[in-house]
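For reference, the structure discussed in these notes is given below.
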Amino acid sequence: MAKLNREITLAANDGSDTLQHVISTRSQTFNAINVATALHRLSRFHASDNVTKGPLAHSEALQALLLRTVDVLQLPASECDAKAVSTIAYSLAGLGVRDADVAKAVIIASLNRLQDLDRQGVANLTWALSKLPRVDKRSKLAKKLALLARNLVWDFLPQELCNILWALSKLGVRDNKLMSLASEAVRGTLSSYTPQGLSTLAAAYARAGVFVEALLDEIGEQAQARLTELNARDAAQLVWSHAKFKLCREPLLEQLCSHSAALVEGEGTEIIVSFLWSFGTLRWVPKKKFMKSLVTRATALVPSLGAHRSVRLLTAVAKLAFKESLDLTVLTQSLVGSLRLLYVRMSAQEVGISAWALATLKPQGWKKVLGNLVSRAAEADVISDLNWWSVAHIEFAIRTALDESPNCKPLAAAPQLLQLLTHRCEEEVNQIQQVSRSFQEGPLIAAANCEPWQHAPKHAGTQTALVFGPGRHVRAALRRSGFQVIQWYRFAVGDKKAQPWPPDGVFSAAAMKYPDSYEAFEYALHAVAASLPLAAPAWVYGDVKEGVLSTTRAIKGLFRLLEIKEEGDLRILSLQRTGGEARACLDKWFKQERVTFPTTPKALTWWSMPGLFAGGFLDVMSSFLLATLHKVSSTDCAEKPLWLRTQHCKVIDFASGTGVLAAGVQSMLRCDGEMWLIDADSVALQAASKNLPNAHIVLADGFKGVQSADTPPEQCHLIVSNPPVHRGHADDLQVLVDLLQQAPHWLLEDGELWLVTQEHIPTGRLFEITQATEKQFNITMHATADGRFVVWQVQYSSRTSRKRKHCDASDTSPKNLFSTRRMLLHGHLVHITRCKGLLV
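Using full-length UniProt numbering, the first residue of the sequence shown is number 1, and each one after it goes up by one.
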């Protein structure tokens, strides 16, 4: 067969046609080496061609070669070795072959020869796999290749390592160990990487969502040093990588953009859209000249854009439209015209984000296009695929449109769609809660199964272990190992009491669930260290996505690292107490800043503690809620809200944190106010009691926990909240659901609920899911101009209240859909009562 291989090579030297002639006449006699050679030579003539569209689209020679390829890949390893398989795969990917049968044959052959792959084979096969179609066992092979790459990471050539990391990120494989090893391997050697290699490396980490700040900084430094070598694609990819991590490094971004200004004029859609999408994500605009060039080029390219890139571009424009220096009118209107034709091709999530963008921009004719999107969203294949973000986007757009035009004809189908969205939202919320529970329990189960305490030295007498955070599985495992367990909860959970500092005493060991932030962990670590004697063992378990790897930085001086065990993204760290001094007093952890509220001219001293949202100070969302509340309550109207009219206003700040909302409301009251602060975080309430010494502090896990609190509040006039929608890293809407479900029972007649959420939280649909109450309610939505945040104002009254008589029950206009609870009368009440039990 060596003679046949020479014949293939000589034919290739004459050109593609000669090579195809040899393939047509001799392919049935090809062995594995012949197939690999023929494919490799053919791919050099037709690099990056998609065989369904390019010159090979109707090539009988290629079809014959692909049939022979499948046969050869089924031969034993002695006749088709690992090198031949990786070469075949690499060449198929280079040709753009998308045949499922060929891909399956490659994957099966590769899985059977993994142990024989060398460095180059692993690199070629991984890159090829990312180009092949999605078929059975592709993901399995990708994960196994990632494991092989770990052991070869120091041997790969720069281009090979870049290709592997990029390919794995595209395949959806996030191997944190590999990414960590690769970061160590490349740092200090980046000067040997090509500009394309630098941008590919940055993009691989960004796509995988693995943030290594030191590596990204070093890539940025190399890019700045070799700026003139970068092409437009390299620059766009580097900007995109920073945008994915929400990193606005202005000096670097400005240099990349200034360099690209002269390069983008003739570029295609991918690079132009990538630049603008990145700027929109960062909500940052480069210098006017470059931005003008991009917008001009983008406008010219709009007619050639497909649905996906049109949506990405529209989203970017919506996020940039509020920059005063930009004129995006022409580009916006071009995109609106394009969407009228492309909406039928949009995916579910593209429908959702397009609706949000249109409602934010409000260009001419946007409601007609929104009507098209409403129709598209109601289609069976779309509605079933909508995620909860998209549900929220669509409702936001519908509410915005109906607020402008209550009888908007293009939205005649909105009521029916909203009913479908309610069902879809219920499904999504239940799924979110299941994922959140699994995420929270993962580290606990891993630690309990691993039982690292089995290796701890045993001492005579009772062994006591302090357990920080949730740990049902860990507590049981420790007891099986002979430990007496003492629990420390920072957060109230049901009827389990929480406290800001561990119980008094000295413990033999400690087990800690890594919390959701470095600050929170550092605080807990010092508290635990203060309760342990010298050389006592401790164990930390958590998820990489929540930052458990930061443990190695936090323990310096307090503990010695003994061992790290891995299970996917989970880590179990074994530590030993050293002689370092811990900050062993709660009072040493207080911090303060000067805070100015939207309702007060003077800055106030504000206290906080570690591990709180926005540092425990005034965040942009709470500030928007207070500003909106103040604006609405200050508006001249016939009748002020009850909470402003009453002589003694009772206010509940739900999920209060340090009490910023309660303090803001208190400054608006014209009379005495009674403030009730409810939060599950015992540490946050320590700061709250210093900020609002006259307030009632209730440590409770939502309203359900309030029932058993020492001093539960009575019904109140006003509830304000900026509720958390995450539990650690995971999305979790349980606190919001609890608030919406229970608020009517804690409000007096004509009381109001004011809360703020991000726009993508489906708060409107959650109202429909949770409000099985005799009280009638009226919802008003107040959104920021840029569409990022929404304040929800809810007025409650009894169904017989005279103040609601103006709501005509015969009015079936789309606008009236949001005026009352009538929507529940259309077959929803039974459904909602059922799902209520599922949610809480």
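Every residue gets a Cβ at the ideal spot worked out from N, C-alpha and C, and that includes glycine.
Since the model is a prediction, treat every value here as computed from it, not as a measurement.
Practice item. Entirely within the stretch 446–506 and at least 3 residues each: give me those beta strand (DSSP E) ranges in chain order. Key: If we require 3 residues or more, the beta strand (DSSP E) runs fully inside the stretch 446–506 come out as 463–468, 483–488.
Practice item. Give every residue of the same chain whose Cβ lies closer than 8 Å to the Cβ of Glu254, excluding the five residues on either side of it in the sequence, and list them in chain order. Key: The residue labelled residue 254 in the question sits at position 254 within the sequence shown. Result list for Glu254: Pro286, Lys287, in chain order.
Review point. Quick one: is Arg6 buried, meaning 16 or more other Cβ sit within 10 Å of its Cβ, or exposed?
Key: In the sequence shown, counting from the first residue as 1, residue 6 sits at position 6. Classification for Arg6: exposed.
Exercise for review: Assess, as a yes-or-no matter, whether the stretch 503–519 is touched by the stretch 598–605 under the definition of 3 or more beta carbon pairs within less than 8 Å.
Suggested key: Fewer than three beta-carbon pairs drawn from the stretch 598–605 and the stretch 503–519 are found closer than 8 Å, and the two stretches are therefore not classed as touching.
Check your understanding: Grouping DSSP H, G and I as helix and E and B as strand, with all else coil, what is Ser819?
Key -> As a position in the sequence shown, residue 819 is number 819, starting the count at 1. Residue confidence for Ser819 is low, a pLDDT of 49 falling below 50, so the modelled location carries little weight; the figure read from the coordinates is stated next. The answer is coil: DSSP assigns Ser819 none of H, G, I, E or B.
Check your understanding: With which residues is residue 843 paired in a DSSP beta bridge?
Key -> There is simply no residue 843 to check, as the chain begins at 1 and stops at 840 in what is shown.
Check your understanding: Out of curiosity, what's the CA-to-CA distance linking Leu65 and Asp14?
Key -> The residue given as residue 65 occupies position 65 in the sequence shown. The residue given as residue 14 occupies position 14 in the sequence shown. Each residue's alpha carbon lies about 19 Å from the other.
Review point. Touching or not, the stretch 629–648 and the stretch 690–709, by the rule of three or more beta carbon pairs under 8 Å?
Key: Contact fails: fewer than three Cβ-Cβ distances are below 8 Å.
Practice item. Give the secondary structure of Ala785 by DSSP, where H, G and I count as helix, E and B as strand, and everything else as coil. Key: For the purposes of this step, residue 785 is taken as the residue at position 785 of the sequence shown. Coil at Ala785, not helix or strand.
Practice item. Say whether chain B places a C-beta atom closer than 7 Å to the C-beta of His21. Key: Absent from the structure is chain B; it holds one protein chain and no more.
Exercise for review: Take the Cβ of Ala529 as the centre, count every other Cβ of all protein chains shown within 10 Å, and call the residue buried at 16 or more, exposed below.
Suggested key: Position 529 of the sequence shown, counted from the first residue, corresponds to residue 529. Here Ala529 is buried: its Cβ has 16 or more other Cβ atoms, across all protein chains shown, within 10 Å.
Check your understanding: Going by C-alpha distance, which of Leu201, Lys144, Ala185 is nearest Val173?
Key -> For the purposes of this step, residue 173 is taken as the residue at position 173 of the sequence shown. The residue with the shortest Cα to Cα distance from Val173 is Lys144.
Point to revise | Of the listed residues Ala684, Thr552, Gln484, Gly494, nearest to Glu522 (C-alpha basis) | key: What you label residue 522 is simply residue 522 of the sequence shown in a count that begins at 1. For the residues Ala684, Thr552, Gln484, Gly494, the minimum Cα distance to Glu522 belongs to Thr552.
Review point. By the 10 Å Cβ neighbour count, where 16 or more other Cβ atoms means buried, how is His526 classified, buried or exposed?
Key: The residue you call residue 526 lines up with position 526 of the sequence shown. Under a 10 Å Cβ-count criterion, His526 is classified as buried, with 16 or more other Cβ atoms of the shown protein chains found around its own Cβ.
Point to revise | CB-CB length for Leu561 against Ile555, believed under 8 Å | key: Stepping through the sequence shown from its first residue, residue 561 is reached at position 561. Stepping through the sequence shown from its first residue, residue 555 is reached at position 555. That pair is a contact at about 7 Å.
Practice item. Please state whether DSSP places Cys649 in a helix, a strand or coil. Key: For this step, residue 649 is matched to residue 649 along the sequence shown. The three-state reading of DSSP puts Cys649 in strand, counting E and B together.
Review point. Going by C-alpha distance, which of Arg134, Asp136, Arg138, Asn176 is nearest Ala149?
Key: The residue labelled residue 149 in the question sits at position 149 within the sequence shown. Out of Arg134, Asp136, Arg138, Asn176, Asn176 has the C-alpha closest to the C-alpha of Ala149.
Exercise for review: In the DSSP assignment, find the unbroken beta strand (DSSP E) run with His729 in it and report its ends.
Suggested key: Locating residue 729 in the sequence shown gives position 729, where the first residue counts as 1. In the DSSP assignment, His729 falls outside any beta strand (DSSP E), carrying neither H nor E.
Review point. Taking the C-alpha atoms as reference points, what is the distance between Ala446 and Thr299?
Key: In the sequence shown, the residue the question calls residue 446 occupies position 446. In the sequence shown, the residue the question calls residue 299 occupies position 299. Going from the Cα of Ala446 to the Cα of Thr299 covers about 53 Å.
Review point. Using the C-alpha atoms, what's the distance from Ala348 back to Cys585?
Key: Looking up residue 585 in the sequence shown gives position 585. Looking up residue 348 in the sequence shown gives position 348. When only Cα atoms are considered, Cys585 and Ala348 end up about 52 Å apart.
Check your understanding: Are at least three pairs of beta-carbons, each pair with one atom in the stretch 215–230 and one in the stretch 267–281, less than 8 Å apart?
Key -> These segments do not touch.
Review point. In three-state terms, what does DSSP make of His717?
Key: Along the sequence shown, one-based indexing puts residue 717 at 717. His717 sits in a strand when the DSSP states are folded into three classes.
**Study point:** Cutoff 8 Å; reference Gln484; Cβ partners in own chain excluding five residues on either side
**Key:** For the purposes of this step, residue 484 is taken as residue 484 along the sequence shown, with counting starting at 1. The residues Thr462, Gln463, Thr464, Ala465, in chain order, have a CB closer than 8 Å to that of Gln484 in the same chain once the five nearest residues on each side in sequence are set aside.
Practice item. Find out if the Cβ-Cβ distance for the pair Ala400, Pro363 is shorter than 7 Å. Key: Sequence index remark: in the sequence shown, residue 400 carries index 400 (1-based). Sequence index remark: in the sequence shown, residue 363 carries index 363 (1-based). Contrary to the premise, residue 400 reads as Thr rather than Ala in this sequence. Result no, Cβ atoms of Thr400 and Pro363 do not sit closer than 7 Å.
Check your understanding: Mapping DSSP to helix, strand and coil, what is Thr757?
Key -> On the sequence shown, position 757 is the one that residue 757 refers to. Assignment of Thr757 by DSSP, reduced to helix, strand and coil, places it in the strand class.
**Study point:** Arg361 and Ala397 closer than 7 Å at C-beta
**Key:** Residue numbering aside, residue 361 sits at position 361 when the sequence shown is read from its first letter. Residue numbering aside, residue 397 sits at position 397 when the sequence shown is read from its first letter. It should be noted that the sequence gives Leu, not Arg, for residue 361. Result no, Cβ atoms of Leu361 and Ala397 do not sit closer than 7 Å.
Review point. Can you tell me whether Ala105 is buried or exposed, with buried defined as 16 or more other CB within 10 angstroms of its CB?
Key: Translated into positions along the sequence shown, residue 105 becomes position 105. Buried is the call here.
Check your understanding: What are the boundary residues of the beta strand (DSSP E) that Ile572 is part of?
Key -> Locating residue 572 in the sequence shown gives position 572, where the first residue counts as 1. Start and end: 570–577.
Point to revise | Inter-residue Cα distance where the pair is Ser819 and Arg187 | key: Numbered from 1 along the sequence shown, position 819 holds the residue referred to as residue 819. Numbered from 1 along the sequence shown, position 187 holds the residue referred to as residue 187. Confidence at Ser819 is low in this model, with a pLDDT of 49, below 50, so its placement is unreliable and the value that follows should be read with caution. Rounded to whole angstroms, Ser819 to Arg187 spans 59 Å at the Cα level.
Check your understanding: With 16 other CB atoms within 10 Å as the buried threshold, where does His745 fall?
Key -> Looking up residue 745 in the sequence shown gives position 745. When all chains shown are included, His745 counts as exposed.
Point to revise | Nearest residue (CA-CA) to Arg437, options Asp731, Pro195, Gln419 | key: The sequence position of residue 437 within the sequence shown is 437, counting from 1. Measuring C-alpha to C-alpha distances from Arg437 to each of Asp731, Pro195, Gln419 identifies Asp731 as the nearest.
Review point. In whole angstroms, what separates the C-alpha of Glu79 from that of Leu67?
Key: Translated into positions along the sequence shown, residue 79 becomes position 79. Translated into positions along the sequence shown, residue 67 becomes position 67. One C-alpha to the other measures close to 17 Å.
Check your understanding: If we count the other Cβ atoms within 10 Å of its Cβ and call it buried at 16 or more, is Gln433 buried or exposed?
Key -> The sequence position of residue 433 within the sequence shown is 433, counting from 1. Label assigned to Gln433: buried.
Check your understanding: Along the chain, which unbroken stretches of the alpha helix (DSSP H) at least 4 residues long are found entirely within the stretch 392–426?
Key -> Segments of the alpha helix (DSSP H) lying fully in the stretch 392–426: there are none.
Exercise for review: Note down the Cα distance separating Ala236 from Ala307, rounded to an integer number of angstroms.
Suggested key: Indexing the sequence shown from 1 puts residue 236 at position 236. Indexing the sequence shown from 1 puts residue 307 at position 307. Taking the straight line from one Cα to the other gives about 21 Å.
Check your understanding: When you compare only the Cα positions, how much space is there between Glu714 and Leu171?
Key -> As a position in the sequence shown, residue 714 is number 714, starting the count at 1. As a position in the sequence shown, residue 171 is number 171, starting the count at 1. Each residue's Cα considered, the two are about 55 Å apart.
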